[in-house]
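Data first, discussion second: the structure below is written as structure tokens.
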Amino acid sequence: MKPLKLLALIIIPLGIIIAAIPADRVNHSRLSPDELLQEAGTGTQFISPDVVADMLVQKDPSLRLIDVRTPEEFDAYSMPGAVNIPLSNLLADEYTDILNQDAYVNVFYSNGSVYANQAWMITRQLGYVNNFVLEGGLNYWFGNILSPEAPSQTSPNEEFAKYDFRKSAAAALGGGSVVPAESVTPAVKAVKPPVTARAKKKPSGGC
Amino acid sequence: MGPLAPNEIISENTNYLIAFFIGIGFGWVLESSGFSSSRKLAGIFYGYDAVVLKVFFTAAVTAMLGLLFMSLFGWIDLDLVYVNPTYLTSAIVGGIIMGAGFIMGGFCPGTSFCGAAIGKIDAMVFIAGLFIGVYGFAFTYGWLEKLYLARYMGEPKISEKLGLSDGLFGLLLILAAIGMFIVAEWAEKKFPREEY
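From first to last, the protein sequence lines are chains W and E. At position 21 of the first sequence (counting the first as 1) the number is 61 in the numbering used here, and the numbers step up by one without a gap. At position 68 of the second sequence (counting the first as 1) the number is 69 in the numbering used here, and the numbers step up by one without a gap.
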């Protein structure tokens with residue numbers, strides 16, 4: 041057989057197959073249950089409240105807080121600058137632009153972290169990136185960031201640094217007074233909490 | 002899972018190592034299929050030899066089908082695959098300059114290195130010209146910048162611009178490629194050239 045005929049016999053049927061498959065199935069990035077389980081298990085979706093507090097205090101423009109509770113709860117209290125996307129409306133078309141993007145760090149929060157985690161899992165399954173879950177939710181936020189408890193005298197310096205940071209963050213975010221904790225060494229600078237958000241690198245280069 | 006490097010499945014360095022071996026393989030295949038001969042390469046413009054068209058279109062179609070099927074099977078995330086940004090004006094101007102150089106010199110940049118590797122003097126002269134062009138562009142960049150960056154289109158896909166699905170566009174491209182191959186084989190018979 042002539043090479044051209046052989047080539048045509050191979051690539052034309054393959055082309056017909058690929059053309060017959062619905063476009064959204066060719067261009068998907070859906071995770072398999074295994075992959076999703078692995079991602080959920082490693083906890084990379086969680087962003088620590090200290091990181092969020094730091095971003096809020098620094099007025100980091102890339103942070104976008106998303107409240108997945110009901111509108112009533114949102115009206116009663118919401119975190120500064122948060123937008124409300126109730127979990128039941130998560131898949132509405134009007135929110136797709138907010139959830140499927142690569143410019144902002146989206147942080148889901150609910151009272152605990154269950155609903156926020158559900159929102160993350162759904163968006164992750166849709167192939168969206170840059171969505172995270174506020175670790176501990178609003179309950180932890182209130183109890184530990186906005187009204188932090190002073191560490192005991194025998195705590196390591198890091199605990200005092202964390203406490204000082206949370207105290208000043210709480211003051212900046214409304215509530216609490218700025219009184220540094222009595223630490224073992226006098227000058228402990230607030231340690232910037234490590235950023236856990238891991239962004240995928242855009243590849244560069246060509247031929 | 003893929004692409005491997007952006008998903009950090011393999012490191013940058015491993016990526017370069019793989020690229021190194023692919024590059025050696027690419028050069029070897031180019032040389033062994035006669036791409037180090039400027040007469041063979043220029044044949045596409047005169048009609049007596051269409052091997053350039055056949056090889057590069059077959060490569061493009063193979064890669065396209067491979068990527069589409071791998072995306073279908075969930076092996077690669079096409080959103081993470083690097084696409085060259087398009088600056089339309091410079092693409093057209095550059096394409097004309099590159100095409101004219103290809104006809105006159107008988108090499109394209111990759112094949113000139115291939116020819117130089119087996120000691121062809123014309124290929125070495127071509128490479129010298131290539132570097133003159135590179136430096137010439139670099140030193141006159143200030144004047145050319147406006148032209149170079151004109152009509153930026155982002156990272157467009159033809160299928161998106163035409164409103165077709167990737168798969169349908171792929172099929173059309175395959176049919177177009179087969180059509181061109183048939184025309185090319187006809188031209189090879191029509192304008193034969195014996196000695197090279």
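Positions of the beta carbon are idealized from the N, C-alpha and C atoms, including for glycine.
Alpha carbon to alpha carbon, how far is residue j from residue i? Give it in angstroms, no decimals.
i, j, result
"E/PHE21", "E/CYS115", "15 angstroms"
"W/ALA59", "E/PHE170", "8 angstroms"
"E/ILE45", "E/GLY107", "10 angstroms"
"W/GLY216", "E/LEU148", "Residue confidence for W/GLY216 is low, a pLDDT of 47 falling below 50, so the modelled location carries little weight and cannot support an answer."
"W/THR194", "W/ALA201", "14 angstroms"
"W/ASP142", "W/LYS42", "49 angstroms"
"W/LEU105", "W/ASN179", "16 angstroms"
"W/ARG109", "W/ASP94", "23 angstroms"
"W/GLY177", "W/ASN157", "10 angstroms"
"E/PRO4", "W/ASP204", "43 angstroms"
"E/SER34", "E/PHE58", "15 angstroms"
"E/GLY54", "W/ALA48", "The identity of residue 54 of chain E in the sequence shown is Leu, whereas the question assumes Gly. Those two C-alpha atoms are separated by around 15 angstroms."
"W/PRO111", "W/PRO191", "36 angstroms"
"W/LEU213", "W/LEU166", "34 angstroms"
"W/ILE162", "E/VAL62", "35 angstroms"
"E/ALA101", "E/PHE27", "24 angstroms"
"E/GLY168", "E/GLY75", "15 angstroms"
"W/PRO73", "W/SER128", "22 angstroms"
"W/PHE6", "W/ARG164", "Any question about residue 6 of chain W goes unanswered here, given that chain W covers just 41 to 247."
"E/SER38", "E/MET125", "13 angstroms"
"W/ILE125", "E/MET99", "53 angstroms"
"E/ALA139", "E/LEU150", "14 angstroms"
"W/LEU44", "W/GLY55", "16 angstroms"
"E/ILE93", "W/TYR155", "52 angstroms"
"E/TRP73", "W/ILE57", "Going by the sequence as given, residue 73 of chain E is Leu instead of Trp. Spanning the two alpha carbons is a distance of roughly 11 angstroms."
"E/ASN16", "E/TYR83", "14 angstroms"
"E/ILE183", "E/THR112", "25 angstroms"
"E/ALA129", "E/LEU18", "28 angstroms"
"E/ASP123", "E/MET105", "11 angstroms"
"W/GLY121", "W/THR136", "19 angstroms"
"W/LEU139", "W/ASP107", "12 angstroms"
"E/ALA43", "E/PHE103", "7 angstroms"
Which residues mark the beginning and the end of the alpha helix (DSSP H) in which residue i is found?
i, result
"W/ASN197", "197-212"
"E/TYR136", "122-140"
"E/PHE103", "89-106"
"E/ILE175", "167-191"
"W/VAL97", "89-97"
"E/CYS115", "110-118"
"W/ILE61", "Here W/ILE61 belongs to no alpha helix (DSSP H), and DSSP marks it neither H nor E."
"W/TRP160", "154-165"
"E/GLU9", "Looking at the DSSP string, E/GLU9 is not in any alpha helix (DSSP H), and its letter there is neither H nor E."
"E/VAL62", "52-73"
"E/ILE159", "159-163"
"W/GLN85", "Per DSSP, W/GLN85 belongs to no alpha helix (DSSP H) and is neither H nor E."
"W/LEU178", "177-180"
"E/LEU42", "39-47"
Which residues of chain E have a Cβ atom closer than 9 angstroms to the Cβ of residue i, listed in chain order?
i, result
"W/GLY81", "Within chain E, no residue comes near W/GLY81; the closest Cβ sits about 17 angstroms away, beyond 9 angstroms."
"W/SER72", "GLY75"
Taking C-beta pairs closer than 7 angstroms, name the residues in chain W that residue i reaches, listed in chain order.
i, result
"E/VAL62", "ILE51"
"E/ILE175", "ILE51, ILE52 and GLY55"
"E/GLU186", "LEU44"
"E/PHE182", "LEU44"
Counting C-beta neighbours from all protein chains within 10 Å, is the total for residue i 16 or more, i.e. buried, or is it exposed?
i, result
"W/GLN98", "exposed"
"W/GLY81", "exposed"
"W/THR84", "exposed"
"W/VAL219", "Caution applies to W/VAL219, whose pLDDT of 45 falls short of 50 and renders its modelled position unreliable; the value that the coordinates give is listed next. Exposed, since its Cβ has fewer than 16 Cβ neighbours within 10 Å."
"W/LYS207", "buried"
"W/ALA210", "buried"
"W/TRP160", "buried"
"W/PRO133", "Correcting the residue type first, residue 133 of chain W is Asp in the shown sequence and not Pro. Classification of W/ASP133: exposed, given that the 10 Å Cβ count is below 16."
"E/ALA60", "exposed"
"E/ILE77", "buried"
"E/LEU163", "exposed"
Run down chain W in chain order and give the residues with a C-beta less than 9 angstroms from the C-beta of residue i.
i, result
"E/PHE103", "The premise fails here: E/PHE103 is roughly 16 angstroms from chain W at the closest Cβ pair, so nothing lies under 9 angstroms."
"E/LEU66", "ILE51, LEU54, GLY55 and ILE58"
What first and last residue would you give for the beta strand (DSSP E) that runs through residue i?
i, result
"W/VAL145", "145-149"
"W/VAL31", "Shown here, chain W extends from 41 to 247; a query on residue 31 of chain W therefore has no answer."
"W/LEU105", "103-107"
Against residue i, what residues of chain E qualify as contacts under a CB-to-CB distance less than 7 angstroms, listed in chain order?
i, result
"W/ALA59", "GLY168, LEU169, GLY171 and LEU172"
"W/ALA48", "ILE179"
Name the chain W residues that come within less than 8 angstroms of residue i, Cβ to Cβ?
i, result
"E/THR59", "LEU47"
Take every Cβ of the region 179-189 of chain W, pair it with every Cβ of the region 83-98 of chain W, and state whether three or more of those distances are shorter than 8 angstroms.
-> The region 179-189 of chain W is in contact with the region 83-98 of chain W.
Is the region 142-154 of chain W in contact with the region 172-179 of chain W, if contact means three or more CB pairs nearer than 8 angstroms?
-> Counting Cβ pairs under 8 angstroms, three or more are found: they touch.
Check whether the region 153-168 of chain E touches the region 15-29 of chain E, taking contact to mean three or more Cβ pairs, one atom from each stretch, closer than 8 angstroms.
-> Contact fails: fewer than three Cβ-Cβ distances are below 8 angstroms.
Do the region 44-59 of chain E and the region 174-190 of chain E touch if we need at least three Cβ pairs shorter than 8 angstroms?
-> Yes, the region 44-59 of chain E touches the region 174-190 of chain E.
Is the region 164-178 of chain E touching the region 58-75 of chain E in the sense that three or more CB pairs, one from each, lie closer than 8 angstroms?
-> As far as the Cβ criterion goes, the region 58-75 of chain E touches the region 164-178 of chain E, which means the pair count is three or higher.
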